[in-house]
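Read in the working numbering, the sequence shown has 96 at position 82, and its numbers run on one by one without any break. Note that beta-carbon positions come from the ideal geometry of N, C-alpha and C, so glycine has one too. Read the structure below first, then the notes.
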Amino acid sequence: MGFEKEKIDQLVNKSDIKWYREVIRNSPFARKINQEKENELIDKSMKQAEAFKSLLIETYGIKDQPMSYMISLDVPLDYVKEEASYGVQYLGYYSLKSKKITINFSAINLILKNIKRFKLDQVNQEKLKDTILMHELFHHLEEMYPESYTKQKHLDTKIFGLFNSKVTLSLVGEIAAVHFSKIMTDLPHSPLLYNEIYKLK
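As structure tokens, then:
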């Protein structure tokens, strides 16, 4: 139990940039992304998150509760309890079809249980649900504003190794969504820390 606490305590102070670099380097496109491109993807993703925050404040004012923005935007919200399937369990997801955000309380409860079990006092548990909500709200905003950076084509590649093409990287939207959820909730550590806590055994 001491090892797990020590690991999380070290990750609490890990910088956002380091977290985002890991997202890129663990992706299938990692070998195609050099240092300069990596810096560009991270910088522009963070700026997109900041732009969406500014847009919400300009349009709806400063809200005490992040949930208030979802109400203003009339985004449907659903709560479920679903266990892991094939070893994978989601915290929340945004449905493109229904434009609805779903939050999985089974995953949230597991994270809260691990925070208590391993005595992770440095981890903010009060903002967990709001952080997930804001992550998914970012994806809703992406659909509202398809011209946003995260929806653009980010990387040159080849189809079948022959034809030049450009692809949209979903990891860019994920980095931006993570950053958006952090700055919208004033979370003192990276939201990605919750993923590490979820995986503790």
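Beta-carbon spacing of residue i, residue j below 8 Å
i: residue 150; j: residue 197; result: no
i: residue 153; j: residue 59; result: no
i: residue 110; j: residue 157; result: yes
i: residue 211; j: residue 128; result: yes
i: residue 132; j: residue 19; result: yes
i: residue 155; j: residue 66; result: yes
i: residue 70; j: residue 83; result: yes
Cα-Cα separation between residue i and residue j, rounded to whole angstroms
i: residue 183; j: residue 189; result: 10 Å
i: residue 163; j: residue 56; result: 11 Å
i: residue 202; j: residue 167; result: 32 Å
i: residue 40; j: residue 87; result: 34 Å
i: residue 176; j: residue 207; result: At residue 176, the pLDDT of 47 sits below 50, so the modelled position is not reliable and the matter cannot be decided from this model.
i: residue 81; j: residue 147; result: 7 Å
i: residue 38; j: residue 204; result: 16 Å
i: residue 25; j: residue 214; result: 13 Å
i: residue 21; j: residue 78; result: 33 Å
i: residue 32; j: residue 169; result: 21 Å
i: residue 126; j: residue 30; result: 22 Å
i: residue 119; j: residue 137; result: 18 Å
i: residue 54; j: residue 209; result: 25 Å
i: residue 63; j: residue 74; result: 17 Å
i: residue 185; j: residue 44; result: 11 Å
i: residue 199; j: residue 36; result: 22 Å
i: residue 48; j: residue 42; result: 13 Å
Option in the options with minimal Cα separation from residue i
i: residue 143; options: 107, 136, 37 and 187; result: 107
i: residue 95; options: 123, 62 and 110; result: 123
i: residue 112; options: 91, 24 and 35; result: 91
i: residue 165; options: 79, 44 and 191; result: 191
Near the ligand NAD: residue i beta-carbon under 7 Å from a heavy atom
i: residue 164; result: The ligand NAD is absent from the structure shown, which contains no ligand whatsoever.
Bridge partners - residue i, DSSP secondary structure assignment
i: residue 6; result: In this structure the chain extends from 15 to 215, so residue 6 is not present and cannot be described.
Nearest-angstrom beta carbon gap, residue j and residue i [assumed within contact, 8 Å]
i: residue 12; j: residue 103; result: What is shown of the chain runs 15 to 215, which leaves residue 12 out entirely.
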